[in-house]
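**Q** Chains as they are written, first to last, in my numbering: chain A, 1 to 511; chain B, 512 to 908. Built from N, CA and C at the ideal position, the CB exists for glycine as well. For reference, the structure I am asking about is given below.
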């Protein structure tokens with residue numbers, strides 16, 4: 001057996017009208033952690049779908065060798081890949097929330113007696129052994145729904161490892177994790193590596209490759225740009241290879257003066273819902289100025305999104321407090337009231353909250369804005385399409401036409417559709433909830449530039465983000481939240497990652 | 512730019528498949544029945560038969576598109592059918608002559624018919640308000656609310672009729688389902704519709720030009736408009752060869768055009784598809800989901816009333832078995848016509864074609880003198896097969 005566990009040889013994959021992969025060749029050494037990076041739509045997902053058997057042998061050109069034997073999956077069953085020892089942990093978790101950790105790990109392979117009855121003791125003892133072997137501390141008799149995102153990720157990995165995988169593929173594993181959770185994930189990956197498991201690591205967070213990966217393959221527009229050891233490169237070089245152009249700075253910064261106060265939130269208080277999926281807010285107050293970008297920092301579940309949705313009018317239990325928009329008290333709890341006052345909300349989860357994926361790009365863009373184009377009787381479709389086309393061009397959305405269903409777009413382009421939808425309503429106050437999550441460097445840069453332009457036009461922009469460098473790089477002021485409370489607002493010029501983390505952890509700053 | 516030709520074709524592919532399937536079924540019945548199936552008499556009957564289910568299927572498309580279902584439409588149609596008969600045979604027939612003693616018999620019949628129609632539409636609307644409120648505002652699943660409604664209104668029907676068929680109904684009322692347009696009026700109507708089609712296409716081109724959008728070649732638009740016109744002319748000529756255009760078919764075409772317009776060109780229509788496609792994203796777009804679902808059920812109720820009126824007009828009586836299993840035929844018609852039970856997908860035009868396919872099967876097998884047991888089984892299998900084709904076509908994409 002050669003030193004390479006996985007080899008791509010001239011793989012080309014076409015979709016109607018698009019070449020997703022063109023003549024891709026690269027090799028993954030056995031026992032290494034191999035990073036793959038590229039912008040959204042570069043072809044990473046297509047690559048993974050070929051390895052996992054979603055696109056069976058014969059639907060692409062070229063060869064894929066796994067342990068020196070060509071992969072020839074038939075049909076689109078990922079079961080075959082699992083049996084060969086290839087396991088994939090997807091970005092969107094594939095767990096059944098109502099089942100326990102043990103049940104999820106054994107889903108489809110429950111230990112049963114001859115009569116087909118599940119042996120629960122064996123199921124849980126095997127689960128415990130598995131978790132112990134990889135030093136994962138997860139309450140294995142709990143339902144998955146009651147775990148945090150980080151622990152759910154661990155369950156996914158444990159599930160993948162339960163079948164003795166020799167190749168583990170992680171797709172954007174840290175996009176929902178806190179820094180502490182990322183650290184423990186990396187610790188696990190190092191242990192796995194020591195145990196001889198090869199790992200392919202896909203991410204948008206470049207610094208992670210330099211922390212964990214041994215080598216790196218950069219792809220752009222469906223082609224491999226370079227495959228090289230991590231030690232021989234730098235973040236700047238990787239970015240250059242990914243975007244194919246020199247990027248002088250990751251965060252375009254413009255000087256701005258704060259305008260007058262356009263929104264005053266006072267004492268926003270809510271209680272948790274029955275399912276306890278949302279953090280309760282405890283008397284949050286802040287001011288928002290026109291022409292500024294206000295960042296909201298805090299750990300996952302600190303109430304950042306809840307603060308924005310509460311002001312935007314998403315129904316929530318026991319909402320109290322007051323919101324004054326340009327000097328006028330706004331009735332709380334009704335989205336139309338917020339929209340009528342020029343507030344737009346770009347939600348955190350674009351697929352679940354932002355888009356009707358089966359519908360066309362134009363239908364998605366105009367959904368909240370149909371009043372602009374409608375008489376009592378009908379929608380003026382030509383007017384509608386003209387406005388959609390304007391934003392389509394303005395945001396440089398990559399698609400053959402406005403009539404394409406949104407599900408056919410890449411993540412970054414989908415995010416642009418959600419942003420277009422809310423720009424069309426000409427907001428004076430724009431809430432962006434994790435607007436750059438899971439999208440590539442180029443698209444991120446475009447979104448930062450857009451935020452600057454909007455702020456320069458006097459729009460008040462609020463951005464929730466889990467990435468501190470991003471908040472420090474783009475915002476004028478940063479509000480830090482911890483367990484539903486506002487810990488303070490720092491001017492970006494005085495803020496550091498350490499200060500933000502201190503506040504986010506619930507501690508106060510020492511002068 | 513704007514609407515790309517490939518995307519457009521993909522969107523319409525489903526429709527073409529359905530029309531193709533319909534033509535195959537027709538051809539098959541033509542061969543099996545020695546072309547009796549294609550006789551003007553039979554075709555006239557076929558289109559008349561399809562109307563009652565069509566009204567329900569049109570409403571059902573909207574209900575299913577929003578991610579709901581309505582199992583009560585059969586019972587509600589039957590109930591309103593006997594109400595229509597009861598109003599004419601007992602209530603209004605007893606009341607009106609006392610109120611207007613001098614009225615000539617013919618005017619009296621017209622007055623009774625008009626009032627019956629209005630009252631039935633209101634009853635349908637009220638039933639829609641009741642079920643819509645339970646689904647939209649109280650949050651009870653539509654499946655349960657309408658399953659309850661199916662039982663409740665079947666019971667109401669039995670209670671109202673006391674198990675007896677209600678007769679008679681007025682002559683003008685019967686004409687709703689049994690009447691024909693005189694041949695010359697039919698031709699004039701066809702001419703008017705054809706002019707309207709051409710005006711529509713040309714004014715649409717004009718508008719696109721003023722907005723600066725690229726235009727398709729004039730020949731293609733003219734060919735399309737010409738194609739529709741030819742279909743209308745052929746239909747009218749065949750129907751005129753029998754007794755003329757059928758009143759209920761005209762009513763169906765009218766209702767279908769209105770609902771087709773509502774689904775494609777109004778905010779309410781757009782919202783319905785968005786709600787079925789992604790409820791949360793729609794809510795976060797500031798759209799009042801409850802109100803729109805409520806409206807959908809009211810429209811469904813009114814369409815049940817239309818269906819019930821045509822049903823009673825056709826059988827010229829209020830029958831205790833009226834509307835039985837119609838909910839299943841309506842749902843089947845929608846699904847055959849490309850409506851997704853998951854919500855967010857489906858067209859009124861598809862539902863009409865679906866109704867026509869279901870009616871063609873029923874009619875063709877009757878012409879062949881096939882036993883009713885076979886008819887049920889074959890219709891059931893065709894439904895499953897149609898959905899299988901849909902599943903396969905989706906998988907291949």
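Taking the beta strand (DSSP E) that residue 318 of chain A belongs to, which residues open and close that run?
**A** In the first chain, residue 318 of chain A corresponds to position 318, counting from 1. From DSSP, residue 318 of chain A is part of no beta strand (DSSP E); its letter is neither H nor E.
**Q** For residue 195 of chain A and chain B, any beta-carbon pair shorter than 8 Å?
**A** Counting from 1 along the first chain, the entry for residue 195 of chain A is found at position 195. Chain B contact via Cβ: absent.
**Q** For residue 654 of chain B and residue 580 of chain B, which I take to be in contact (beta-carbon distance under 8 Å), what is that distance rounded to the nearest angstrom?
**A** By 1-based counting over the second chain, the position of residue 654 of chain B is 143. By 1-based counting over the second chain, the position of residue 580 of chain B is 69. Sure, about 6 Å apart at Cβ, within 8 Å.
**Q** Which residues share a DSSP beta bridge with residue 37 of chain A?
**A** To locate residue 37 of chain A, count along the first chain from 1; it is residue 37. BP columns for residue 37 of chain A point to A/218.
**Q** Quick check: the Cα distance between residue 685 of chain B and residue 563 of chain B, rounded to an integer number of angstroms?
**A** Position 174 of the second chain holds residue 685 of chain B. Position 52 of the second chain holds residue 563 of chain B. Those two C-alpha atoms are separated by around 14 Å.
**Q** Does DSSP put residue 426 of chain A in a helix, a strand or coil?
**A** Translated into positions along the first chain, residue 426 of chain A becomes position 426. In the structure shown, residue 426 of chain A sits in coil (DSSP, three-state: anything other than H, G, I, E or B).
**Q** Mind checking whether residue 312 of chain A and residue 338 of chain A have CB atoms under 8 Å apart?
**A** The residue labelled residue 312 of chain A in the question sits at position 312 within the first chain. The residue labelled residue 338 of chain A in the question sits at position 338 within the first chain. Cβ atoms of residue 312 of chain A and residue 338 of chain A: closer than 8 Å.
**Q** In chain B, which residues lie with their C-beta within 7 Å of the C-beta of residue 353 of chain A?
**A** As a first step, residue 353 of chain A must be located in the first chain, where it is residue number 353. Near residue 353 of chain A (Cβ distances below 7 Å), the residues of chain B are 791, 792 and 795.
**Q** At which residues does the beta strand (DSSP E) containing residue 379 of chain A begin and terminate?
**A** Counting from 1 along the first chain, the entry for residue 379 of chain A is found at position 379. It is not in any beta strand (DSSP E) - residue 379 of chain A carries neither H nor E in the DSSP assignment.
**Q** So that I know if they touch, is there some Cβ in chain B lying closer than 8 Å to that of residue 247 of chain A?
**A** Mapped onto the first chain, residue 247 of chain A falls at position 247. Note that residue 247 of chain A scores a pLDDT of 48, beneath 50, so its modelled location is shaky; the value from the coordinates is reported in the next line. Closer than 8 Å: no.
**Q** To the nearest angstrom, report how far apart residue 671 of chain B and residue 656 of chain B are at their CA atoms.
**A** In the second chain, counting from the first residue as 1, residue 671 of chain B sits at position 160. In the second chain, counting from the first residue as 1, residue 656 of chain B sits at position 145. The straight-line gap from Cα to Cα measures roughly 22 Å.
**Q** For residue 26 of chain A, collect the residues of the same chain with a Cβ closer than 7 Å to its Cβ; drop the 5 residues on either side in sequence, then sort them by chain order.
**A** Sequence index remark: in the first chain, residue 26 of chain A carries index 26 (1-based). Correct list, in chain order: 8, 217, 224 and 227.
**Q** Check whether chain B comes within 8 Å of residue 271 of chain A, counting only Cβ atoms and requiring the distance to be less than that.
**A** Here residue 271 of chain A refers to the residue found at position 271 of the first chain. Not closer than 8 Å to any Cβ of chain B, the Cβ of residue 271 of chain A fails to qualify, so no.
**Q** Should residue 866 of chain B go down as buried or exposed, given a rule of 16 or more other Cβ atoms within 10 Å for buried?
**A** On the second chain, residue 866 of chain B is found 355 positions in, with the first residue counted as 1. Classification for residue 866 of chain B: buried.
**Q** Have a look at residue 687 of chain B and residue 366 of chain A and give me their C-alpha separation to the nearest angstrom.
**A** Counting from one through the second chain, the residue named residue 687 of chain B turns up at place 176. Counting from one through the first chain, the residue named residue 366 of chain A turns up at place 366. If you take the alpha carbons of residue 687 of chain B and residue 366 of chain A, they lie about 41 Å apart.
**Q** Which runs of the alpha helix (DSSP H) at least 4 residues long sit entirely within the segment 667 to 710 of chain B? Give them in chain order.
**A** Within the segment 667 to 710 of chain B, the complete alpha helix (DSSP H) runs of at least 4 residues are 682 to 689.
**Q** Please name the residue in A/137, A/424, A/61 and A/28 whose C-alpha comes closest to that of residue 67 of chain A.
**A** Translated into positions along the first chain, residue 67 of chain A becomes position 67. Of the candidates A/137, A/424, A/61 and A/28, the one whose C-alpha sits nearest the C-alpha of residue 67 of chain A is A/28.
**Q** Between the segment 547 to 566 of chain B and the segment 870 to 890 of chain B, do at least 3 Cβ pairs fall closer than 8 Å?
**A** Yes, the segment 547 to 566 of chain B touches the segment 870 to 890 of chain B.
**Q** Quick one: using the 10 Å Cβ neighbour count with 16 as the cut-off for buried, is residue 433 of chain A buried or exposed?
**A** The residue labelled residue 433 of chain A in the question sits at position 433 within the first chain. Residue 433 of chain A comes out buried.
**Q** In whole angstroms, what separates the C-alpha of residue 190 of chain A from that of residue 154 of chain A?
**A** Here residue 190 of chain A corresponds to residue number 190 of the first chain, with the count starting at 1. Here residue 154 of chain A corresponds to residue number 154 of the first chain, with the count starting at 1. Answer to the nearest angstrom: the Cα atoms are 14 Å apart.
**Q** Could you check whether the segment 95 to 113 of chain A touches the segment 125 to 142 of chain A, counting it as contact only if at least three pairs of C-beta atoms, one from each stretch, sit closer than 8 Å?
**A** These segments touch.
**Q** Can you find the residues in the same chain that come closer than 7 Å, C-beta to C-beta, to residue 575 of chain B, ignoring five residues on each side of it along the sequence?
**A** On the second chain, position 64 is the one that residue 575 of chain B refers to. Hits under 7 Å: 845, 850, 852, 854 and 857.
**Q** Which chain A residues are close to residue 874 of chain B, counting only those with a beta carbon under 9 Å from its beta carbon?
**A** What you label residue 874 of chain B is simply residue 363 of the second chain in a count that begins at 1. Within chain A, no residue comes near residue 874 of chain B; the closest Cβ sits about 35 Å away, beyond 9 Å.
**Q** Report back the beta-carbon spacing between residue 397 of chain A and residue 199 of chain A to the nearest angstrom; my notes put them in contact at under 8 Å.
**A** On the first chain, position 397 is the one that residue 397 of chain A refers to. On the first chain, position 199 is the one that residue 199 of chain A refers to. Incorrect: roughly 34 Å between the Cβ atoms, too far for contact.
**Q** Any Cβ of chain B within less than 8 Å of the Cβ of residue 316 of chain A?
**A** In the first chain, residue 316 of chain A corresponds to position 316, counting from 1. It does not; no Cβ of chain B falls within 8 Å.
**Q** Applying a beta-carbon distance threshold of less than 8 Å, which residues of chain A neighbour residue 856 of chain B?
**A** In the second chain, residue 856 of chain B corresponds to position 345, counting from 1. Result: 358.
**Q** By the three-class DSSP mapping on this structure, what secondary structure does residue 264 of chain A have?
**A** Here residue 264 of chain A refers to the residue found at position 264 of the first chain. Residue 264 of chain A falls in the strand class under three-state DSSP.
**Q** Round the Cβ separation of residue 22 of chain A and residue 12 of chain A to the nearest angstrom and send it over; I've been treating them as touching at under 8 Å.
**A** Residue numbering aside, residue 22 of chain A sits at position 22 when the first chain is read from its first letter. Residue numbering aside, residue 12 of chain A sits at position 12 when the first chain is read from its first letter. The Cβ separation is near 5 Å, so the contact holds.
**Q** Cβ of residue 345 of chain A less than 8 Å from any chain B Cβ?
**A** In the first chain, the residue the question calls residue 345 of chain A occupies position 345. Interface residue, yes.
**Q** Taking only beta-carbon atoms, is residue 788 of chain B less than 8 Å away from chain A?
**A** Stepping through the second chain from its first residue, residue 788 of chain B is reached at position 277. Taking Cβ atoms only, chain A reaches closer than 8 Å to residue 788 of chain B, which makes this a yes.
**Q** Are the CB atoms of residue 88 of chain A and residue 52 of chain A within a distance shorter than 8 Å?
**A** Within the first chain, the letter at position 52 stands for residue 52 of chain A. Within the first chain, the letter at position 88 stands for residue 88 of chain A. Going by C-beta atoms, residue 52 of chain A is nearer than 8 Å to residue 88 of chain A.
**Q** Taking only beta-carbon positions, decide if residue 805 of chain B is within less than 8 Å of chain A.
**A** Along the second chain, read from residue 1 onward, the residue named residue 805 of chain B stands at position 294. No - not a single Cβ of chain A is within 8 Å of the one on residue 805 of chain B.
**Q** Which residue's Cα is closest to the Cα of residue 293 of chain A: A/350, A/382, A/473 and A/321?
**A** Position 293 of the first chain, counted from the start, is the residue given in the question as residue 293 of chain A. Of A/350, A/382, A/473 and A/321, the residue nearest in Cα terms is A/473.
**Q** By DSSP, does residue 874 of chain B sit in helix, in strand, or in coil?
**A** Residue numbering aside, residue 874 of chain B sits at position 363 when the second chain is read from its first letter. Residue 874 of chain B falls in the helix class under three-state DSSP.
**Q** On the DSSP bridge assignment, give the partners of residue 345 of chain A in chain order.
**A** For the purposes of this step, residue 345 of chain A is taken as the residue at position 345 of the first chain. Paired residue(s): A/431.
**Q** Mind checking if residue 785 of chain B is an interface residue toward chain A, Cβ cutoff 8 Å exclusive?
**A** Taking the first residue of the second chain as 1, we reach residue 785 of chain B at position 274. It does: the Cβ of residue 785 of chain B has a partner Cβ on chain A nearer than 8 Å.
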